[in-house]
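Below is one structure; the comments refer to it alone.
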Amino acid sequence: MSPLIDVRSLSRSFGALQAVRDVSFQVQPGAIFGLLGPNGSGKSTIIRMLLGILPPSGGEASVLGWDVRQDAERIKPHVGYMSQQFSLYTDLSVQENLDFYGRIYGLDRQRLAQRREAVLSLTGMADRLPQLAGNLS
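FYI, in the working numbering the residues of the sequence shown are 62 to 198.
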C-alpha cells in the first residue's frame with residue numbers, strides 16, 4: 062500500500078538558517094501520526110512544505126501521491142490546515158476573509174459563493190459577514 066505522505070531527505074533553508082535538514086518519514090493509510098519537537102525545530106515549516114505553501118530547498122515529498130512542488134494545487138483541496146497563529150485578518154470583514162482564502166485556493170466566483178454559503182450555514186454566522194474579523198469573540 063502506498064503511503065499517504067512520503068517525505069525523503071526534505072530540507073528548507075532561509076538564507077543561512079537551515080530550518081529543516083534531511084527529514085524523512087512516511088505516513089501510511091489509517092495511521093495516527095504526530096510531528097513532535099521543541100519550538101523552532103521545523104514542524105510548522107515541514108507542514109507548510111507538505112501543503113505546497115513553502116517550497117522545499119532540497120529533498121522530495123508527496124501527499125496522496127502528488128509531488129509537493131509540482132502538484133500543490135491538487136493537494137490543497139484534500140487537506141485542512143490551521144496554523145498556530147489565528148489566521149484571519151482582523152482588519153477585514155468576515156466576508157472579505159472568506160473570499161480572500163477562497164481565492165488563494167483558486168475557487169472561481171460560483172464555487173466560492175457555494176463554499177461561503179456552506180461555511181456560513183455550518184457556523185451560523187451569515188449575519189456576521191460585514192463584521193470585522195477582529196471584533197469576533
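Glycine included, C-beta positions come from ideal geometry on N, C-alpha and C.
>> At 4 residues or longer, what runs of the alpha helix (DSSP H) sit wholly inside the stretch 112 to 173?
In response: 133 to 136 and 155 to 165
Quiz item: If we count the other Cβ atoms within 10 Å of its Cβ and call it buried at 16 or more, is M110 buried or exposed?
Solution: buried
For Q87, the first and last residue of its enclosing beta strand (DSSP E)
L78 to V88
Check: On the premise that S123 lies in contact with D67, defined as a C-beta separation below 8 Å, what is that separation, rounded to the nearest angstrom?
Finding: 5 Å
In angstroms, rounded to a whole number, what distance separates the CA positions of A80 and S182? 40 Å
- Task: Figure out for me which residue from S63, S154, G167 and R176 has the closest Cα to the Cα of D188.
- Result: S154
Exercise for review: Could you pull out every residue in the same chain whose Cβ sits closer than 6 Å to the Cβ of L173, ignoring the five residues on either side in sequence?
Suggested key: G163
Problem set entry | Buried versus exposed call for A92 [16 or more other C-beta atoms within 10 Å across all chains shown] | exposed
Cα-Cα separation between R73 and T106, rounded to whole angstroms: 8 Å
| query | Do A133 and G119 have their C-beta atoms closer together than 8 Å? | reply | no
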